[in-house]
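Residue numbers (this note's numbering): 258 to 469.
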């Protein structure tokens, strides 16, 4: 069954799913990490950032049935406090941009997801003093553009998420064309790869499809 929107409880589940898929892909993301320096920690840093969110979410009192504003607030705070390294800082801004729009909307539907991705892209670019294309910044921005187009045409949550994931995947494949260090190493951007796992997790929660 496909969900047309996600409530606060489903959003909590999404973050747990994202954390789990980051853990399973952590070593691969670390191996892809050649930019800005080949220190092999992108997967670890992104995982620790989201783990901080999940820990804070687990601290919420389920008996009080926390709503979207409370859950979004924890995602925003947890990601900021847990951000590790460049990739973690950028991911935290992505999550904070999404959370702010989800809190405003009260539920995560197609429109809220598109607005959240646009806000996420803007926040990510602001977090970097000298933005470089061919990185996670490009992947988030191009996925947000696709999401905005589909949402503007009345697309539902699954359609918007699929459009974002498809455009993001195409954007990731082009990152070596934009960043010579990636082409030289024969890899795509590690941060962008990790970000796409968030969209994969979203689609898993929306319609039950298996994680990659």
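All C-beta atoms in this analysis are idealised placements derived from N, C-alpha and C, irrespective of residue type, glycine included.
Nearest CA to the CA of residue i: which residue from the options?
i	options	result
residue 440	282, 290 and 270	290
residue 282	379, 447 and 356	447
residue 280	294, 308, 267 and 459	308
residue 362	425, 394 and 328	328
residue 369	347, 388 and 413	413
residue 284	338, 270 and 302	302
residue 424	411, 406 and 410	406
residue 346	428, 394 and 321	394
residue 385	399, 355, 344 and 404	344
residue 390	431, 338, 410 and 403	431
residue 294	460, 263, 442 and 462	442
residue 317	269, 411 and 459	269
So for residue i, helix, strand or coil by DSSP?
i	result
residue 436	coil
residue 337	helix
residue 384	coil
residue 392	coil
residue 468	coil
residue 290	coil
residue 322	coil
residue 446	coil
residue 457	helix
residue 305	helix
residue 247	Past the edges of the chain, shown from 258 to 469, lies residue 247, and the structure says nothing about it.
residue 411	coil
residue 298	coil
residue 272	helix
Who are the Cβ neighbours of residue i in its own chain at under 8 Å, not counting the five residues just before and after it?
i	result
residue 258	464 and 465
residue 457	278, 422, 468 and 469
residue 276	304, 307, 308, 310 and 311
residue 408	367, 368, 370, 371, 372 and 417
Where DSSP assigns a beta bridge to residue i, which residues make up the other side?
i	result
residue 263	365
Identify, in the order they occur along the chain, each residue of the same chain with its Cβ nearer than 6 Å to the Cβ of residue i, setting aside the five sequence neighbours on each side.
i	result
residue 401	374, 375 and 378
residue 326	360
residue 396	425, 428, 429, 449 and 452
Considering only heavy atoms of the ligand FAD, does any lie closer than 7 Å to the CB of residue i?
i	result
residue 265	Here there are no bound small molecules, and the ligand FAD is not part of this structure.
How many whole angstroms separate the CB atoms of residue i and residue j, which I take to be in contact at a CB cut-off of 8 Å?
i	j	result
residue 445	residue 437	Residue 445 to residue 437, Cβ: 13 Å. No contact.
residue 305	residue 341	5 Å
residue 471	residue 333	Lying outside 258 to 469, the shown extent of the chain, residue 471 is not represented and no answer is given.
residue 392	residue 451	That pair is no contact at about 11 Å.
residue 324	residue 265	5 Å
residue 380	residue 350	4 Å
Excluding five sequence neighbours on each side, which residues of the same chain lie with their C-beta closer than 7 Å to the C-beta of residue i?
i	result
residue 261	366, 413 and 414
residue 313	331, 334 and 335
residue 273	311
residue 455	275
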